[in-house]
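Here's the structure, in structure tokens; my notes come after.
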Amino acid sequence: MSRFLQYALSSAPANETWTLSSGLSARWLAPGCVAMDAGRDDADSVLLSCGVHGNETAPIEVADAILHDLATGRLALNCRLLVMFANLEAIRAGERYGEYDMNRLFNGAHRKLPELVESRRAETLERLAADFFSAAKARRLHYDLHTAIRSSVFEKFAIYPYLHEREHSREQLAWLQQCGIEAVLLHTQPANTFSYYTSRHCGTDAFTLELGKARPFGSNDLSRFSGIDNALRRLLSQPRAAVAPLQADGLPLFRAKYDLVKHSEAFRLHLADDVENFTLLADGMLIAEDGEVRYTATGGAERILFPNPTVKPGLRAGIVVEPAQLD
Ligand SMILES: [Zn+2]
Numbered sequence: 001m002s003r004f005l006q007y008a009l010s011s012a013p014a015n016e017t018w019t020l021s022s023g024l025s026a027r028w029l030a031p032g033c034v035a036m037d038a039g040r041d042d043a044d045s046v047l048l049s050c051g052v053h054g055n056e057t058a059p060i061e062v063a064d065a066i067l068h069d070l071a072t073g074r075l076a077l078n079c080r081l082l083v084m085f086a087n088l089e090a091i092r093a094g095e096r097y098g099e100y101d102m103n104r105l106f107n108g109a110h111r112k113l114p115e116l117v118e119s120r121r122a123e124t125l126e127r128l129a130a131d132f133f134s135a136a137k138a139r140r141l142h143y144d145l146h147t148a149i150r151s152s153v154f155e156k157f158a159i160y161p162y163l164h165e166r167e168h169s170r171e172q173l174a175w176l177q178q179c180g181i182e183a184v185l186l187h188t189q190p191a192n193t194f195s196y197y198t199s200r201h202c203g204t205d206a207f208t209l210e211l212g213k214a215r216p217f218g219s220n221d222l223s224r225f226s227g228i229d230n231a232l233r234r235l236l237s238q239p240r241a242a243v244a245p246l247q248a249d250g251l252p253l254f255r256a257k258y259d260l261v262k263h264s265e266a267f268r269l270h271l272a273d274d275v276e277n278f279t280l281l282a283d284g285m286l287i288a289e290d291g292e293v294r295y296t297a298t299g300g301a302e303r304i305l306f307p308n309p310t311v312k313p314g315l316r317a318g319i320v321v322e323p324a325q326l327d
């Protein structure tokens with residue numbers, strides 16, 4: 001653990017600027033949120049967020065190691081950078097969240113639950129992100145780093161927030177491929193996630209990146225995260241370096257077809273408890289039933305994502321996704 005993460009977790013610094021041994025200046029904008037600036041007018045603005053889910057530790061370790069190497073000068077910085085250790089209390093507790101899933105509280109959703117600690121934090125993170133990107137002069141990039149609860153057919157995948165009238169960025173998809181991302185889910189409607197917030201309201205190219213399975217601090221095999229680690233380091237030090245063109249057939253795209261809604265406690269999911277994300281659903285199979293409601297797979301190319309039959313009635317118990325193409 002570097003001094004950055006130790007400091008973020010142990011105290012409540014804000015508005016403190018200091019000079020690093022590399023010569024860069026750094027500033028705590030709020031607890032757990034540190035900004036560094038290469039001082040170049042044409043620099044890209046890069047937001048790295050991690051720990052929105054506090055038990056997803058590998059991305060926290062990756063971001064912390066990058067900060068450490070920027071501080072010592074082992075890694076050059078040629079961007080404006082803001083790193084957020086998002087849900088500090090959950091990180092300290094080693095829990096996904098305390099009172100409420102923070103990644104359902106962005107895009108203003110925190111205003112409906114203002115009494116929650118996580119709501120106040122989401123509001124702060126939105127404000128800092130908006131301030132950061134309002135001063136952007138070049139590309140605006142946000143990567144929200146996660147690990148998933150369950151195993152996945154595609155170990156590393158990205159969620160591309162709904163873009164409304166904007167087009168998907170082939171340049172960004174190519175960069176994700178360089179990170180080792182194996183599949184991308186294209187969202188087709190707004191969401192209360194951090195990446196949707198900055199995409200929609202700050203004009204970023206933003207992604208939620210699911211980088212493998214969640215494990216406790218010290219139990220991560222960081223070699224499994226070398227793809228994202230190397231790509232982020234290259235982006236920060238050489239933001240204009242060429243990226244290999246997108247190999248579209250090596251990066252399958254999906255979109256949500258429909259949600260499996262749990263209407264009642266009678267809901268039964270006919271998949272194994274440990275079914276992997278993106279598992280193919282055979283044509284005609286009964287995926288779930290809920291009283292009179294039956295969810296049946298069609299076509300043989302549909303897959304299951306984020307199945308969770310234990311949610312409260314009225315909520316989504318999984319998503320059925322299908323292959324998608326860029327427009
Ligand atoms: Zn997560």
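Using UniProt numbering, the first residue of the sequence shown is number 1, and each one after it goes up by one.
Glycine included, every Cβ here is placed at the ideal spot set by N, Cα and C.
- Message: Using CA atoms only, rank isn't needed, just tell me which of Arg111, Arg316, Gly180, Glu265 is closest to Val243.
- Response: Each of Arg111, Arg316, Gly180, Glu265 was checked against the Cα of Val243, and the nearest Cα belongs to Gly180.
- Message: Counting C-beta neighbours from all protein chains within 10 Å, is the total for Tyr97 16 or more, i.e. buried, or is it exposed?
- Response: Here Tyr97 is buried, its C-beta having at least 16 other C-beta atoms within 10 Å.
- Taking one C-beta from the segment 290-309 and one from the segment 263-273 each time, how about it: are there three or more such pairs within less than 8 Å? Counting Cβ pairs under 8 Å, three or more are found: they touch.
- Which stretch, first to last residue, makes up the beta strand (DSSP E) that contains Thr198? Per DSSP, Thr198 lies in no beta strand (DSSP E); the unbroken alpha helix (DSSP H) holding it starts and ends at 194-202.
- Item | Range covered by the alpha helix (DSSP H) that runs through Val117 | For Val117, the uninterrupted alpha helix (DSSP H) run begins and ends at 117-134, by DSSP.
- Looking at the unbroken alpha helix (DSSP H) that takes in Thr57, where does it start and where does it end? Residue range 57-72 is occupied by the alpha helix (DSSP H) that includes Thr57.
- Just checking my contact of Leu251 with Ala183 at CB under 8 Å: how many whole Å lie between their CB atoms? Confirmed, Cβ separation roughly 7 Å.
- Message: Rounded to the nearest angstrom, what separates Ala301 and Ala248 at their Cα positions?
- Response: Taking the straight line joining both Cα atoms gives about 18 Å.
- Can we count Glu95 as close to ligand 1, meaning its CB is less than 7 Å from some heavy atom? Flag unset: Cβ of Glu95 not near ligand 1.
- Pairwise C-alpha distance: Cys79 and residue 329: In the structure displayed, the chain extends from 1 to 327; residue 329 sits before or after that span and is not available.
- Could you please give me the residues that DSSP links to Thr279 through a beta bridge? DSSP output for Thr279 lists Ile304 as bridge partner(s).
- Look up Asp205 in the DSSP assignment and give the residues it is bridged to. DSSP output for Asp205 lists Leu141 as bridge partner(s).
- Query: Residues in its own chain within less than 6 Å of Leu260 by CB, not counting five upstream and five downstream?
  - Reply: Within the same chain, Leu260 has close Cβ partners Ala288, Tyr295, Ala317, Gly318.
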